[in-house]
Structure formats: structure tokens, C-alpha cells
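This report refers to the structure that appears directly beneath it.
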Amino acid sequence: MKDLKSIVFSAFIVFMLLSCTKDELADSDQTDEEVVVEIDDTDFEATDWTTDTHSKDADPNYDEVFEDNAVKRLDIVISSSNWQSMLTDMTSLYGTFGTGRGSFSDDDEDPIFVPSEVFYNGKEWYKVGVRFKGNSSLASSWASGILKLSFKLDFDEFEDDYPQIKNQRFYGFKKLSLKNNYLDKSNLREKVAADVFRSAGLAVSNTAFYTVYVDNGNGPQYFGLYTLVEEVDDTVIDTQFTSGDGNLYKPDGDAASFASGTFDEDEYVKKNNEDEADFTDVQSLLTILHDGTRTSDAATWRTKLDAVLDTDVFLKYLAVNTIIQNWDTYGRMTHNYFLYNNPATNKLTWIPWDNNEALQTGKQGGSYALNFSGLSSSSWPLIGYLYQDTVYKAKYDAYVKEVIEDAFNETTIQALYTSYAALVEEYATSEVDGYTFLNSSSDFQSAVSTLKSHATSRKAAVTSYLK
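Numbers 33 to 499, taken from my numbering, label the letters of the sequence shown in order.
Written out as C-alpha cells, the structure is:
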């Protein structure tokens, strides 16, 4: 182990590409039954374990894990057999690497977890569960032959197999996501979008920049610059609300639109309290949203709606989301948000998620204009019905003005882009072929310039809208 650590924490060197080529990955096309996760080395001592770094008893250390003005390094060590199991599983889900389907698997299963070692700042975390993660970004990256894939880490996923790691944490965090900045040549959008939501006073995951190296038997391979993202169902609800005991939903599917007649418990995916078959909060929201008082007695409708949904939070979120142009979420897509029943208010509270597609016009028809022209209110009633109400629209307009003057102030945001670009440029432009979305190093600066121009254009759009 000492030799391993000395390798992992040697000077910053980008090694040669993995010897596992696309052709070899294609040869791994096997059936689900042949995917076997290797559980071994059960007899070990967690010598690096301390209360502050590894124990559940430690509070989440945000200063250490989510430092804004640093690029930190994580090393993930996976046995060659477990790595092969991960690749075989991906092939069964998404097709042959480099020529796969580029779409969701038929059964929409998550990729498998395997045990790994994680190294950070001279310390080891033991038998950490690691898997690939993502939806279309995962499928598309895989189909394109790019191994810079997003990862999910669960630090006590395998505690039943390895009692030594019971309740293992990473500076107080059980789960973390490493986002691959899919199709983002600036590598900044996921982080900046989260910064803007937080600056506006909304609950949102913390983020930070990390370089990721993976050793699957051939030495550390630079997988590229990633954005580390805090998991909502881990520490966000525990630290940004008075209690983490309320129902947390991650809607996905038709029910996530809240259109009339779409209620489906299976699509209001519970991320906690799974054993309690109580969906009355989201069901009440759907019922009240479509109540006839919306058109016959708007004041009564608002009172009922305000009792089950934190409409102020939603309207502020909507203002931020529309200004920054985040299309890959509610309004275009039936996913990429959480709803949390805040115990302090007994109201469902909106939490944004997965912001790598933000800060651009976007696909699938693109982001809506600030007045939501073209939006089908019956298809997306949380936006359409609230915007049609004069009281809610006035609140939304006030938040639009507030956000463009503060959280997404043109001067402030452009300075943030400059600062973050200087911070990460050397790590983004040193990504290697097969592990990057950049075609050349010049792509990075061009993407940053585009972001700065976008900030200017959004100020103009808001000015025009508020007139």
C-alpha cells in the first residue's frame, strides 16, 4: 500500500492513454449474467481513518471539500477485474463503446457499483463504491468513445462486505458526484450556475473543481477536469434546511410536468422515507394547481397553493433559471429538479439539479423567453399558471430585476468567469484525447468568451423585458 500511495501522490504527470483501446472495449460485449463484481481483500486495516476525515461523527467540512478557489485532485484505484465489470455492464446498458446506442438503456438501470480506493491529500478511503452516472450525457459520451464519464461515489456502499468501513465518510459526506462537464468546453457552467442559484439565496448543491485520475491496473490515467457536486439527498437537505426528515422527491417522467391527470407515485421518485407510502404532499400540489378556483377565485387559489408549495422560492428559482437560460429542466424536460417538503414550513420547496446545460440557449427548442412565449401552460402548469396570475407575475418580475442586478450582475459574472478560467485553464487544456470534449486548447478560451458574451446578452434581454 505504501508503494501505491507514493505512485498516486507523485508529481502531476499525465500518463499515456490506457492500454484498453476501443477495440478491446468492444470485445467486452457480454451478457448481464457475466458481470461479476470482485469482492476481495476483506482482511485490511483502515490505517488512515480519523474522526475528522472518515467518521460519520464529523460534520460536513465544506471548506475542505468544496473550496471555490482551488483545483484539487482525487485518485480512484479500481482493480482491473472490477473495471472490466464496469465496462461490460456499460456495454449491456448502452451498447458497444464508441458505437453504442447513445440513448438510455431499455430498463433504465443505473450502472453497477464496484469497490475502489480513493486517495486525496495523502489519505486513503477504503472500498468506496464507485459507478458511472448520468442520463443522456453518459450514453452520449460512451457512444462517442469518450471515457471522461461522470462518477458517483458512495463511501459506505460496501460496508456489509467490509465492516472496517462502516459509516465511512469523506470529511462528513457519504455520497458525492463527479460531473464530467459534458459538452462544456469551458468546464465552468455546472459550477457557475450553482454559484448563481446560491447567490440568489436558493438551496442548491455546493460544487468545486477537481482533477480525476483513475488507476485500473495500468497506473494513474488523467480522466480530466471534473466538477464535484454535493448530493441533495445526502447533505443538502440536512445542512440547508432545519431538518432533513421531510419527503424528498426527484420527479422523473410525465408526472414531473404536473400536467392534469399525470399523477403517478412511481414517477415521484422518493429519495428518502421510501417505506412510508405517503405522497399526499405532491398529490395535493397537483390537485390544487388544477383547481377551478384558479380562474373563478384567484385569491383563494393562491392561498391554497401557497399552503403546499413555497411559491416565493419557486418564482425566484424561475427568475434565475430563465435569466441564465437553463433549458434542461422543468419547462422543457421532465427531470432535473428536486422537491423537498421543508419541515419548517410544511411546503414543497424547489431545488435545482444538474446544471451543466445552463448558460446557453440550449437544445430541444431552447430556453424560453423571459415572458415564456411559446410555453404550453397546460403542459407545464407550474410555470404557465403562475405566470398568468397577476400577483405571481408581479413577484416573478421583481425577482427578475433583483437577480440581474445582483446574483447575475453582468460585471460580477464576467469577473467570475475570468477568475475561474484562470484557475482551471491548465487542467482543462491538458486533457488528453479520448478523455475530453475539447478539440483543441483554443476551444477553452473561445468557450469562456462565449459565456461572457452571454452575460451581456442576458442583461439586454432583461432590460427589454422589464420595459
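Quick reminder that beta carbons are idealized off the backbone N, C-alpha and C, glycines included.
No experiment lies behind these values; they were computed from the predicted model shown.
Per DSSP, ILE383 forms a beta bridge with which residues? Against the sequence shown, residue 383 aligns to sequence position 351. In DSSP, ILE383 forms a bridge with PHE370.
Less than 7 Å between C-beta atoms, sequence neighbours within five positions excluded: which residues of the same chain meet that for TYR459? The residue labelled residue 459 in the question sits at position 427 within the sequence shown. Excluding positions up to five away in sequence, the list reads VAL103, THR243, LEU257.
Scan the segment 76-137 and note each continuous alpha helix (DSSP H) run of 4 residues or more that stays entirely inside, going in chain order. 83-86, 94-97, 112-126, all fully within the segment 76-137.
If you follow the beta strand (DSSP E) that GLY416 is part of, which residue opens it and which one closes it? As a position in the sequence shown, residue 416 is number 384, starting the count at 1. It is not in any beta strand (DSSP E) - GLY416 instead sits in the alpha helix (DSSP H) that spans 413-420.
Buried or exposed for SER112, going by 16 or more other Cβ atoms inside 10 Å? For the purposes of this step, residue 112 is taken as residue 80 along the sequence shown, with counting starting at 1. Looking at its Cβ environment, which holds fewer than 16 other Cβ atoms inside 10 Å, SER112 is exposed.
LEU387 classed as buried or exposed, judged by whether at least 16 other C-beta atoms fall within 10 angstroms: Taking the first residue of the sequence shown as position 1, residue 387 is located at position 355. Here the sequence assigns Asn to residue 387, which means Leu is not the residue at that position. ASN387 should be labelled buried.
Spatial neighbours of ASP64 within its chain, please: CB distance less than 8 Å, with the 5 preceding and 5 following residues excluded, ordered by chain position. As a working mapping, residue 64 is identified with position 32 in the sequence shown. With a pLDDT of 46 at ASP64, under the threshold of 50, the predicted position of this residue should be treated as unreliable, though the coordinate-derived value follows. The answer, listed in chain order, is ASP121, SER124.
Could you pull out every residue in the same chain whose Cβ sits closer than 6 Å to the Cβ of LYS184, ignoring the five residues on either side in sequence? Walking along the sequence shown from the start, residue 184 turns up at place 152. Contacts found: ARG163, LYS165, SER209.
Distance between ASN248 and PHE202 (C-alpha atoms, nearest Å): Taking the first residue of the sequence shown as position 1, residue 202 is located at position 170. Taking the first residue of the sequence shown as position 1, residue 248 is located at position 216. Each residue's alpha carbon lies about 21 Å from the other.
Between the C-alpha atoms of ILE197 and VAL456, what's the straight-line distance to the nearest angstrom? The sequence position of residue 197 within the sequence shown is 165, counting from 1. The sequence position of residue 456 within the sequence shown is 424, counting from 1. About 33 Å.
Under 8 Å, do ASN114 and VAL150 count as touching if we go by C-beta distance? Position 82 of the sequence shown, counting from 1, holds the residue named residue 114. Position 118 of the sequence shown, counting from 1, holds the residue named residue 150. No, they are not a contact pair.
Count the other CB atoms, across all protein chains shown, that sit within 10 Å of the CB of VAL423; report buried if there are 16 or more and exposed otherwise. Indexing the sequence shown from 1 puts residue 423 at position 391. A residue is called buried when at least 16 other Cβ atoms come within 10 angstroms of its Cβ; VAL423 does not meet this threshold and is exposed.
State the start and end residues of the unbroken alpha helix (DSSP H) segment that holds VAL160. What you label residue 160 is simply residue 128 of the sequence shown in a count that begins at 1. Element bounds for VAL160: not the alpha helix (DSSP H) but the beta strand (DSSP E), 155-164.
CA-to-CA distance, TRP333 to PHE129, given in whole angstroms: Residue numbering aside, residue 129 sits at position 97 when the sequence shown is read from its first letter. Residue numbering aside, residue 333 sits at position 301 when the sequence shown is read from its first letter. Cα to Cα, the separation comes out at about 52 Å.
Thinking just about the alpha-carbon of each residue, which of ALA454, VAL464, ALA479, ALA492 is nearest to the one in GLU442? Start at 1 with the first residue of the sequence shown, and residue 442 comes out as number 410. Looking at the Cα atoms, ALA492 is the closest of the given residues.
In the DSSP assignment, find the beta strand (DSSP E) that holds SER399 and state where it starts and stops. Working through the sequence shown from its first residue, we reach residue 399 at position 367. Where SER399 is concerned, there is no enclosing beta strand (DSSP E), given that its DSSP letter is neither H nor E.
Would you mind reading off the limits of the alpha helix (DSSP H) that contains GLN315? What you label residue 315 is simply residue 283 of the sequence shown in a count that begins at 1. Note, GLN315: alpha helix (DSSP H), 312-321.
May I ask you to report which of helix, strand or coil DSSP gives ASP342? On the sequence shown, residue 342 is found 310 positions in, with the first residue counted as 1. If DSSP states are grouped into helix, strand and coil, ASP342 belongs with coil.
Is GLU99 buried or exposed, if buried means 16 or more other CB atoms sit within 10 Å of its CB? Along the sequence shown, read from residue 1 onward, the residue named residue 99 stands at position 67. Exposed.
Per DSSP, what are the beta-bridge partners of SER9 in this structure? A query on residue 9 cannot be resolved here, the shown segment of the chain reaching from 33 to 499 and no further.
Classification of ASP421 by the beta-carbon crowding that lies within 10 angstroms, buried from 16 upward: Sequence index remark: in the sequence shown, residue 421 carries index 389 (1-based). With 16 or more Cβ atoms within 10 Å of its Cβ, ASP421 is classed as buried.
Given this structure, state the Cα-to-Cα distance separating GLN116 from GLY251, to the nearest angstrom. As a position in the sequence shown, residue 116 is number 84, starting the count at 1. As a position in the sequence shown, residue 251 is number 219, starting the count at 1. If I take the Cα positions, the gap works out to 15 Å.
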